[in-house]
């Protein structure tokens, strides 16, 4: 029973969620980058990039659904059928579109696989069943999922405005931990909309509820993710050298999970760093995410966390003027403070022998 639960937990909460984040990356996130590049005044080119970016947002649902079906190792006809399912689930899900796509694409793919290649008219039966199941679920459960996700996001936004210190700490630590665990922090942030910006019908606009609070929470989420990635990259440099610095600093801190299992104390410096930078982000620098919500869970992976925040500043919905304090805060919170805090604490833990040489060495 335990092994079965572990199997399905990995299948749905690790494989499927991770693939969903990749689908979002290849559509909404990259589309946002194209739209930002389109702001550079180059005749013809600007218009093309802006148009290209707008289509990226519109196909986010299908991209997520196909990625999920692929991760579940569905047959080709099932995968292709989830294009329609993903589009419908994302549209019906509203603010909770990504979460609706995750749940409905999993259900449609699994049920589609029950009939796939079982009949001589597979080319009709498989897409019919997959799309019918996905369509019915999109009508029945996507709207409530959207309401629930919107409520959760709105509550986080409201709570962050009421208690910026406490919520900055909680959001930063929790999302940062999720980034290092073998689950998708990016998918989580997208599912609950941790950004002051929302995409409605492929068009970026202010989030309908508590946009300022959600933007602050998104900034705290970036702080937590960056603390994990930069922290592990820097504190393990003497063992993993430049390859480890790059693979963890702009790749993923998830590489340290085997070492965390062996010695959980190596996680202390980066968690403390996120607990410090999160409140600093919300209370001192007021860093706000108005880029795509998925960026809030990316950290320094390809520098997409900070890039998402910058794109939000210049993407047309950021309600304030950009100041020098914004830029200083961005570099301090995302790069400098995580490195300094994690390195200092790790050296202390080495001295008290809570961390020993080799504890942070990445496996080949």
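Numbering (our numbering), first residue to last: 55 to 418. Where is the CB? At the ideal position from N, CA and C, for every residue including glycine.
{"Query": "DSSP state of residue 416 mapped onto helix, strand, coil", "Result": "coil"}
{"Query": "Short Cβ contact (8 Å threshold) for residue 307 with residue 403", "Result": "no"}
{"Query": "Span separating the alpha-carbon of residue 171 from that of residue 128", "Result": "11 Å"}
{"Query": "Cβ contact (3+ pairs, closer than 8 Å) linking the region 244–254 and the region 268–277", "Result": "yes"}
{"Query": "Cβ neighbours of residue 388 in the same chain (closer than 6 Å, five flanking residues each side left out)", "Result": "280 and 360"}
{"Query": "Sheet register partners of residue 259 (DSSP bridge)", "Result": "252"}
{"Query": "Own chain, CB closer than 6 Å to residue 165, minus 5 neighbours either side, in chain order", "Result": "187"}
{"Query": "Closest residue to residue 241 among 56, 130, 406 and 114 (Cα-Cα distance)", "Result": "114"}
{"Query": "Cutoff 8 Å; reference residue 66; Cβ partners in own chain excluding five residues on either side", "Result": "160"}
{"Query": "Where residue 382 falls, given that 16 or more other Cβ within 10 Å makes a residue buried", "Result": "exposed"}
{"Query": "Residue 190, DSSP secondary structure in three states", "Result": "helix"}
{"Query": "4 or more residues per run - each alpha helix (DSSP H) lying fully within the region 340–396", "Result": "358–368 and 378–385"}
{"Query": "Residue from 309, 397 and 365 with nearest C-alpha to residue 82", "Result": "365"}
{"Query": "Candidates 109, 293, 78 and 263: closest to residue 202 by CA position", "Result": "263"}
{"Query": "Secondary structure, alpha helix (DSSP H): runs of 4+ residues fully inside the region 275–334", "Result": "291–303, 311–316 and 322–333"}
{"Query": "Straight-line gap, residue 323 to residue 303 (C-alpha atoms, nearest Å)", "Result": "15 Å"}
{"Query": "Of the listed residues 243, 216, 86 and 347, nearest to residue 337 (C-alpha basis)", "Result": "216"}
{"Query": "Pick from 152, 230, 56 and 173 that is closest to residue 352, judged by C-alpha positions", "Result": "230"}
{"Query": "Where residue 238 falls: helix, strand or coil (DSSP)", "Result": "coil"}
{"Query": "Coarse secondary structure for residue 127, derived from DSSP in three states", "Result": "coil"}
{"Query": "Beta-carbon separation (whole angstroms), residue 76 vs residue 121, contact threshold 8 Å", "Result": "5 Å"}
{"Query": "Alpha carbon of residue 421 to alpha carbon of residue 354, nearest angstrom", "Result": "This structure cannot settle anything about residue 421, because the visible part of the chain is limited to 55 through 418."}
{"Query": "Residue 356, buried or exposed, once every other Cβ within 10 Å from all chains shown has been counted against 16", "Result": "exposed"}
{"Query": "Nearest residue (CA-CA) to residue 395, options 368, 305, 289 and 261", "Result": "289"}
{"Query": "Pick from 236, 285, 134 and 377 that is closest to residue 398, judged by C-alpha positions", "Result": "285"}
{"Query": "Cβ neighbour criterion (16 or more within 10 Å) applied to residue 181", "Result": "buried"}
{"Query": "Inter-stretch contact (C-beta, 8 Å, three-pair minimum) for the region 368–376 and the region 292–303", "Result": "no"}
{"Query": "Backbone CA spacing between residue 422 and residue 98 [nearest angstrom]", "Result": "This structure cannot speak to residue 422, because the chain is shown only from 55 to 418."}
{"Query": "Cβ-Cβ separation, residue 137 to residue 162 (assumed contact under 8 Å), whole Å", "Result": "In fact, because the Cβ distance is near 11 Å, the residues do not count as touching under 8 Å."}
{"Query": "Three-state secondary structure (DSSP) of residue 184", "Result": "helix"}
{"Query": "CA nearest to the CA of residue 342, picked from 64, 283, 222 and 145", "Result": "222"}
{"Query": "Best match in 412, 331 and 417 for proximity to residue 384 [C-alpha to C-alpha]", "Result": "331"}
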